[in-house]
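According to this note's numbering, the sequence shown is numbered sequentially starting from 6. Using N, Cα and C, we set each Cβ at its ideal position, and we do this for glycine too. None of these values were measured; they are calculated from a predicted model. Following: one structure in structure tokens, then a few remarks.
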Amino acid sequence: MQLLSRLFSRLTLLAIIALVGVLVWDRFNPPAPPPIMEPVTEQIDRIVIEKSARTLTVFRDGEEVKTYQIALGFAPDGDKQHEGDGKTPEGVFKITHRNPKSAYHLSLGIDYPQLEDIARAEAAGVSPGGDIFIHGQPNGAGRLVTLPYDWTAGCIAVSDMDIEELWAITPDGTEVEIRP
Numbered sequence: 006m007q008l009l010s011r012l013f014s015r016l017t018l019l020a021i022i023a024l025v026g027v028l029v030w031d032r033f034n035p036p037a038p039p040p041i042m043e044p045v046t047e048q049i050d051r052i053v054i055e056k057s058a059r060t061l062t063v064f065r066d067g068e069e070v071k072t073y074q075i076a077l078g079f080a081p082d083g084d085k086q087h088e089g090d091g092k093t094p095e096g097v098f099k100i101t102h103r104n105p106k107s108a109y110h111l112s113l114g115i116d117y118p119q120l121e122d123i124a125r126a127e128a129a130g131v132s133p134g135g136d137i138f139i140h141g142q143p144n145g146a147g148r149l150v151t152l153p154y155d156w157t158a159g160c161i162a163v164s165d166m167d168i169e170e171l172w173a174i175t176p177d178g179t180e181v182e183i184r185p
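Now the structure itself:
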């Protein structure tokens, strides 16, 4: 009986060491270079995000191409009102920039805040916030897990594999409609 107990203890210790090794490897392994954008014929021209359904759908020439599962800001109901409210903005935006060295694998920036967002926030005496992105998972965790709940500060999160695909098929200037 004591032999079985020692064997179990050693196997448990080995399992913990292996798990820590995998986590450390993923955290400190240099990231792969950003994917090269596909030819124009493969690129999309519109993204529709349905907050209530937690989906992001890409379109090419009015035809649905693919739908992805998403996570939103930690307080997703309603339109973003001010910095720190945890809401994902609603409206029509454009992809204006990208960050290959994002803290969330890769990220596609949208042009929030817009003039009406700025005016509304100024009238309330608050900052509208900014830096709203479609991005992957936190670096170091995304290759192992996709967080299954709304966790961002207002961004749209997808799996690391999904952001790599979106990065490759989404040119700057792509329309992004975010619906309630």
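query, result
"What is the residue span of the beta strand (DSSP E) that Glu-182 lies within?", "180–184"
"So Ile-100 and Ile-115 are in contact, right, with Cβ under 8 Å, and what is the actual spacing, rounded?", "6 Å"
"Starting from the N-terminal side, write out each stretch of the beta strand (DSSP E) that is 3 residues or longer and does not extend beyond the segment 80–140.", "96–104, 112–115 and 138–140"
"In the DSSP assignment, find the unbroken beta strand (DSSP E) run with Ile-168 in it and report its ends.", "Element bounds for Ile-168: not the beta strand (DSSP E) but the alpha helix (DSSP H), 165–174."
"What are the complete beta strand (DSSP E) segments, minimum 3 residues, inside the segment 51–78?", "51–55, 60–65 and 68–74"
"Using DSSP's beta-bridge definition, name the partner residues of Ile-161.", "Ile-139"
"DSSP on Ile-21, reduced to helix/strand/coil?", "helix"
"Note down the Cα distance separating Lys-140 from Gly-178, rounded to an integer number of angstroms.", "Correcting the residue type first, residue 140 is His in the shown sequence and not Lys. In a straight line, the C-alpha of His-140 is about 17 Å away from that of Gly-178."
"Using C-beta distances below 7 Å, list every residue in its chain close to Asp-167, excluding the 5 sequence neighbours before and after it, in chain order.", "Tyr-73"
"Is it buried or exposed, Ile-21, if we count other Cβ atoms within 10 angstroms and call 16 or more buried?", "exposed"
"What residues in its chain sit with their C-beta under 7 Å from that of Glu-69, if we drop five residues either side in the sequence?", "Thr-62"
"Quick one: residues in its chain with C-beta nearer than 8 Å to the C-beta of Ala-108, no 5 flanking neighbours on either side, listed in chain order?", "Pro-143 and Asn-144"
"Roughly how many angstroms lie between the CA atoms of Glu-95 and Phe-64, to the nearest whole one?", "19 Å"
"Distance, Cα to Cα, Val-150 vs Ser-132?", "33 Å"
"Is it true that the CB of Gly-78 sits closer than 9 Å to the CB of Asp-155?", "yes"
"Rounded to the nearest angstrom, how far is the Cβ of Lys-85 from that of Gly-130, given a contact under 8 Å?", "About 16 Å; that fails the 8 Å criterion."
"Thinking C-alpha only, which one of Ala-158, Pro-118, Thr-93 and Ile-49 is nearest Arg-59?", "Thr-93"
"On a CA-only basis, which of Asp-82, Thr-17, Gly-83 and Phe-98 is nearest Arg-51? Give me that one, please.", "Phe-98"
"Going along the chain, which residues of its own chain have a beta-carbon closer than 7 Å to the beta-carbon of Tyr-117, five neighbours each way excluded?", "Pro-94, Phe-98, Gly-135 and Ile-137"
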